[in-house]
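Just below is one structure, and these are the notes that go with it.
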Amino acid sequence: MRNQAVQTDSIFFKLPRFWGTHSASRPDFLPSLCLVSRQLYQEATLEFIKSSSFLLCDPISTEFMLDWLENLGSEYKDKGEGFKSVRSLNFYHFIGCEDTSVRPAWRDWELIERCANLRDLYLTFREEEDDVISFPPQGFHSPSQPDPVYDPASPPFPAGEVPPLYEGSAAEELIARHRLYRVLELPHLETFKFYFADSYYGFVHRYQGPNDLLDWLKGQFIQRERNAAVTRMHKLSHTEGAAAWCSGVESMEGTAHNDGGASEDGKSSHDRKISNDR
């Protein structure tokens, strides 16, 4: 049961499927061993959770996983045992902002923070990578160019003449909007990777904003003397990215460690082995 990749998408976690045979107390993605008896359900399910990476595709997935882990907790003396067993979470459509007007309410951070032993966290933001920029953008000569080439030596647009096409959210705004400072408070986090919903090769290097976000996260972990690896990743597009995510095929932009070094291990969450004693 080691190194399982569990998807919490429409196959398993969307409510219409539960109107039929699915149950929040016995999800169909559990291995048969977990369903043999009540005792095995209690013992084997926790091991399955510890060695699995859960992919959450939308707010409904998050709601269901919270309900399932709550339900699972009722089987144990320690009601939080299910949450404590989670080691790896992947949010394909992460929403970290606090908006109580939305129903169902976005509860991604609630799930993350209740998983007290979380080691690996992967977030895909709804924003396009092109929208997370530093001002003024560098390397552009005309907004009509279909694929302008990044050139650090080229002058920026004059003040006040940044075309609306290239206006976007600074890295600081992204941090505040999704409350990314909470990542720094996860006590056992070892790996943090972030993505953007749409990223196109040839355009990715136009903006410094995603790199600013990477540098900020790296610096914050260094200040806290935390040995966490932070990686910025990108994909071809939203559709192709979804397929790549589900198949474990990812493109690494660069990994920042708190020792100031950089490495490229090329491994996805599906390739990494999560030992049972973590």
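Numbering (UniProt numbering), first residue to last: 1 to 278.
Note that the Cβ used here is the ideal one computed from N, Cα and C, for glycine as well.
DSSP on residue i, reduced to helix/strand/coil?
i	result
V183	helix
S53	strand
A228	coil
F29	coil
S61	helix
L89	strand
G96	coil
Nearest-angstrom Cα distance between residue i and residue j?
i	j	result
T124	R232	10 Å
P210	I175	11 Å
E63	R26	15 Å
L72	G82	6 Å
L180	F48	29 Å
E225	E185	12 Å
C97	F194	16 Å
N117	L111	12 Å
K218	V230	6 Å
P156	I222	Note that P156 has pLDDT 43, beneath the 50 cutoff, so the model's placement of it is unreliable and no number is given.
V36	Q42	11 Å
L69	S85	10 Å
W109	R182	8 Å
A171	F192	17 Å
D215	R107	27 Å
I60	Y122	18 Å
G80	K50	14 Å
L40	F196	40 Å
R114	A44	21 Å
residue 280	E173	Past the boundaries of the shown model lies residue 280; the chain is included only from 1 to 278, so the question cannot be answered.
For the alpha helix (DSSP H) containing residue i, name the first residue and the last one.
i	result
K218	G209 to Q223
S85	E81 to S85
L123	That residue, L123, is in no alpha helix (DSSP H); its beta strand (DSSP E) goes D120 to F125.
A116	From DSSP, A116 is part of no alpha helix (DSSP H); its letter is neither H nor E.
L174	A171 to R177
> Using 8 Å as the threshold, is the segment 87-96 in touch with the segment 51-62, meaning 3 or more CB pairs across them?
Replying inline: By the C-beta criterion, the segment 87-96 is judged to be in contact with the segment 51-62, since at least 3 inter-stretch pairs fall below 8 Å.
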